[in-house]
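Trainee:
Protein chains in written order, with this note's numbering: chain A, 1 to 174; chain B, 1 to 390.
#1: Less than 8 Å between the beta carbons of residue 135 of chain B and residue 109 of chain B, yes or no?
#2: Leaving out five residues on either side along the sequence, give the residues of the same chain with a beta carbon under 6 Å from the beta carbon of residue 253 of chain B.
#3: Measure the alpha-carbon distance for residue 266 of chain B versus residue 164 of chain A and round it to whole angstroms.
#4: Considering residue 110 of chain A, what are the terminal residues of the alpha helix (DSSP H) in which it resides?
#5: Quick one: does residue 152 of chain A have its CB under 8 Å from some CB of chain B?
#6: According to a CB-to-CB cut-off of less than 8 Å, which residues of the segment 249-274 of chain B neighbour chain A?
#7: Going straight from the alpha carbon of residue 177 of chain B to that of residue 144 of chain B, what length do you get?
#8: Quick one: is residue 81 of chain A buried, meaning 16 or more other Cβ sit within 10 Å of its Cβ, or exposed?
#9: Closer than 9 Å between beta carbons: that is the criterion. Which residues of the segment 203-232 of chain B meet it against chain A?
#10: Less than 8 Å between the C-beta atoms of residue 277 of chain B and residue 227 of chain B, yes or no?
#11: Secondary structure at residue 44 of chain B, three-state DSSP: helix, strand or coil?
#12: Find out if the Cβ-Cβ distance for the pair residue 335 of chain B, residue 352 of chain B is shorter than 8 Å.
#13: Quick check on residue 231 of chain B: buried or exposed, where buried means 16 or more other Cβ atoms within 10 Å of its Cβ?
#14: Per the DSSP calculation, residue 349 of chain B is bridged to which residue(s)?
#15: Suppose only complete runs of 4+ residues qualify. What are the alpha helix (DSSP H) ranges in the segment 46-130 of chain A, listed by chain order?
#16: Please return the same chain residues whose Cβ sits closer than 8 Å to the Cβ of residue 163 of chain B, not counting the five positions on each side in sequence.
#17: Flag this pair as yes or no: are the beta carbons of residue 389 of chain B and residue 46 of chain B separated by less than 8 Å?
#18: Tell me whether residue 56 of chain A is buried or exposed, calling it buried when 16 or more other Cβ atoms sit within 10 Å of its Cβ.
#19: Please list, in chain order, the residues of the segment 56-72 of chain A that have any C-beta partner in chain B closer than 7 Å.
#20: Taking the Cβ atom as the reference point for each residue, do residue 43 of chain A and residue 29 of chain A lie within a distance shorter than 8 Å?
#21: For a minimum of 3 consecutive residues, which ranges assigned as the beta strand (DSSP E) are wholly contained in the segment 250-335 of chain B?
#22: Mind checking residue 93 of chain B: buried by the 16 CB within 10 Å criterion, or exposed?
#23: Nearest chain A C-beta to residue 133 of chain B closer than 8 Å, yes or no?
#24: Please report the straight-line C-alpha distance between residue 203 of chain B and residue 22 of chain B, rounded to a whole angstrom.
#25: Return helix, strand or coil for residue 209 of chain B, following the three-state DSSP convention.
#26: So is the beta-carbon of residue 138 of chain B under 7 Å away from any non-hydrogen atom of the ligand GTP?
#27: Leaving out the 5 sequence neighbours to the left and right, which residues in its chain are closer than 6 Å to residue 363 of chain B when beta-carbon positions are compared?
#28: Using the beta-carbon of each residue, which ones in chain A are nearer than 8 Å to residue 58 of chain B?
#29: By alpha-carbon positions, which one of A:41, A:37, A:34, A:36 ends up nearest to residue 22 of chain A?
#30: Mind listing the chain A neighbours of residue 337 of chain B? Cutoff is C-beta to C-beta under 8 Å, in chain order.
#31: Thinking C-beta only, is residue 98 of chain B closer than 8 Å to residue 303 of chain B?
#32: Does the beta carbon of residue 323 of chain B come closer than 8 Å to any beta carbon on chain A?
#33: For residue 442 of chain B, which residues in the same chain have their Cβ closer than 7 Å to its Cβ, ignoring the five residues on either side in sequence?
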């Protein structure tokens, strides 16, 4: 997959929502494309919460359908956080993407302030990919346990797993 | 409430689960209670995390379907359809009309089975045993249809010296395995459509036998009316979908909003509640079973002829795009997000599980309710832990 071209509205120039968002939010929208039938906006990482708030408040995207991470091992930045929003009133979906890296400095602003629904999915992305969310009220592991070493959905995490001491019952000692 | 037994002005921590008879699955709730009132509830999930998404990402698109069967034991067809639909969209496969109708029939039969299981267990959790036996008995009829659907397909696997009758059990009562990207593995066996029609004709009356004793029951209403109220705003904000959302008064149903399979060609109503309480969620699900039955009847009447599987050469295509496909499962919106990176395997395969969102909403539902009502509150959300934990 090639990286998105900045400042472009490739293939989505006709979409009134893409045009309106570019006007309102300017540089925060890096590019807009139609992927798999849905308008897909590449959003500047620092601006994601602001863009989500605008989509929810002004454009009726009241429903956060899904939030997940993707690992493009070998690409820089390595991770992507993908948001699927839905506007029941307009009956349409929008996909937002944010490039993300590891560590505190590359943390993605949390959108839990926009939708409470984002709380668990953001924990899941942290748990499985090791991407941090700034401003999350409780960024703890969710599918694995605290103390687990590694982020299993990363492409370089071995499919056969790692020795956690689970068999010996050492892992869950609180 | 100022009853000193119910509220003592002093909070203690209480663990609930991970094994509990009212949870079909493994779920721990860390509660903070004041007397009998729940102050805070923090669900701890992941006990049955199997890394299914990791598995899905290392296999070719077409090989992944059996994994989706195992996401939700009560309605395998929903996850099957969501996955198959996503792959079809991604690779541009057109499903033949006969397969679209048959898949709609299977999905609605499984919606009925899932809701019946929910109805029976929810009633049993609240101490009403007769609906449990009635609903599970009815559900068995649906499961048998699902199993019969596969019997011819598995016939070759059955050894010849098995006693008569025994060979007819394919063993696929819960897992359908018949839905494929591109359609269905095979046509239903001879006589299946008639059997299905018989079931559909008698189902509404038999559903009355299951739900009838509850709907106007004083005790049932006492336990469920006004309990666990979810406002429409909170429901949307928390990502609640399906019957739980509609019980809060929002008529959002993907079968109507973004019709897939044959839903655009059949007539059905979307039941909506008013108060968003446990009783309304009950009413909505019972009515959904009637509507599902209507859909099956219409699909049987209008079942087109023709092949049930598309030419699958497209499955070798190497997609380099991405897709999200969500459908209306029995619990809510179940969807797959697929990212193709130009190889035969999905680079990313994420499941949007309704149970995951609903468990998150459980804290909201529990706040201020009594510990004794907790089993009703878990039941009313209709959660599958396998699907939430993945």
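Don't be surprised by glycine CBs; every beta carbon is placed ideally from N, CA and C.
The structure presented is a predicted model; accordingly, all values stated were derived computationally and were not measured.
Mentor: Straight from the coordinates:
#1: Along the second chain, one-based indexing puts residue 135 of chain B at 135. Along the second chain, one-based indexing puts residue 109 of chain B at 109. No, they are not a contact pair.
#2: If you number the second chain from 1, residue 253 of chain B lands on position 253. If we look at residue 253 of chain B and ignore the five residues flanking it on each side, its Cβ neighbours are 270, 328.
#3: Locating residue 266 of chain B in the second chain gives position 266, counting from the first residue. Locating residue 164 of chain A in the first chain gives position 164, counting from the first residue. Straight-line Cα distance between these residues: approximately 52 Å.
#4: Your numbering for residue 110 of chain A matches position 110 in the first chain. It is not in any alpha helix (DSSP H) - residue 110 of chain A carries neither H nor E in the DSSP assignment.
#5: Position 152 of the first chain holds residue 152 of chain A. Closer than 8 Å: yes.
#6: Within the segment 249-274 of chain B, the qualifying residues are 250, 252, 257, 258.
#7: Residue 177 of chain B sits at position 177 when you count from the first residue of the second chain. Residue 144 of chain B sits at position 144 when you count from the first residue of the second chain. Each residue's alpha carbon lies about 15 Å from the other.
#8: Reading the first chain from its first residue, position 81 is the one you call residue 81 of chain A. Buried, because 16 or more other Cβ atoms sit within 10 Å of the Cβ of residue 81 of chain A.
#9: none
#10: Position 277 of the second chain, counted from the start, is the residue given in the question as residue 277 of chain B. Position 227 of the second chain, counted from the start, is the residue given in the question as residue 227 of chain B. Cβ atoms of residue 277 of chain B and residue 227 of chain B: closer than 8 Å.
#11: For the purposes of this step, residue 44 of chain B is taken as residue 44 along the second chain, with counting starting at 1. Residue 44 of chain B falls in the strand class under three-state DSSP.
#12: Here residue 335 of chain B is taken as the residue at index 335 of the second chain, counted from 1. Here residue 352 of chain B is taken as the residue at index 352 of the second chain, counted from 1. In this structure, residue 352 of chain B lies closer than 8 Å to residue 335 of chain B by Cβ.
#13: Here residue 231 of chain B refers to the residue found at position 231 of the second chain. Classification for residue 231 of chain B: exposed.
#14: Here residue 349 of chain B is taken as the residue at index 349 of the second chain, counted from 1. Its beta-bridge partners are B:338.
#15: 48-59, 119-129
#16: Within the second chain, the letter at position 163 stands for residue 163 of chain B. Its pLDDT being 44, under 50, residue 163 of chain B is placed unreliably in this model, and the coordinates cannot settle the point.
#17: In the second chain, counting from the first residue as 1, residue 389 of chain B sits at position 389. In the second chain, counting from the first residue as 1, residue 46 of chain B sits at position 46. It is a contact, given that the beta carbons lie within the stated cut-off.
#18: Here the question's residue 56 of chain A lines up with position 56 in the first chain. Counting Cβ neighbours within 10 Å, residue 56 of chain A comes out buried, since at least 16 surround it.
#19: 62, 63, 64, 65, 66, 68, 70
#20: The residue given as residue 43 of chain A occupies position 43 in the first chain. The residue given as residue 29 of chain A occupies position 29 in the first chain. Going by C-beta atoms, residue 43 of chain A is nearer than 8 Å to residue 29 of chain A.
#21: Complete beta strand (DSSP E) runs here, min 3: 322-328.
#22: The count along the second chain starts at 1 and reaches residue 93 of chain B at position 93. Label assigned to residue 93 of chain B: buried.
#23: In the second chain, counting from the first residue as 1, residue 133 of chain B sits at position 133. No, because no Cβ of chain A sits closer than 8 Å to the Cβ of residue 133 of chain B.
#24: As a first step, residue 203 of chain B must be located in the second chain, where it is residue number 203. As a first step, residue 22 of chain B must be located in the second chain, where it is residue number 22. If you take the alpha carbons of residue 203 of chain B and residue 22 of chain B, they lie about 27 Å apart.
#25: As a working note, residue 209 of chain B is residue 209 in the second chain. If DSSP states are grouped into helix, strand and coil, residue 209 of chain B belongs with the helices.
#26: This structure lacks the ligand GTP; in fact it carries no ligand of any kind.
#27: As a position in the second chain, residue 363 of chain B is number 363, starting the count at 1. Excluding residues within five positions, the ones whose Cβ falls inside 6 Å are 41.
#28: On the second chain, residue 58 of chain B is found 58 positions in, with the first residue counted as 1. Neighbours of residue 58 of chain B on chain A, chain order: 159.
#29: Along the first chain, one-based indexing puts residue 22 of chain A at 22. Residue 22 of chain A has its Cα closest to that of A:41, out of A:41, A:37, A:34, A:36.
#30: One-based indexing of the second chain puts residue 337 of chain B at position 337. Residues of chain A passing the Cβ test: 66, 68, 82, 84.
#31: Here residue 303 of chain B refers to the residue found at position 303 of the second chain. Here residue 98 of chain B refers to the residue found at position 98 of the second chain. A contact, by the Cβ cut-off of 8 Å.
#32: Residue 323 of chain B sits at position 323 when you count from the first residue of the second chain. Any Cβ of chain A closer than 8 Å to the Cβ of residue 323 of chain B would place that residue at the interface, and such an atom is present.
#33: Residue 442 of chain B cannot be examined here, being either before or after the span of chain B that is shown, 1 to 390.
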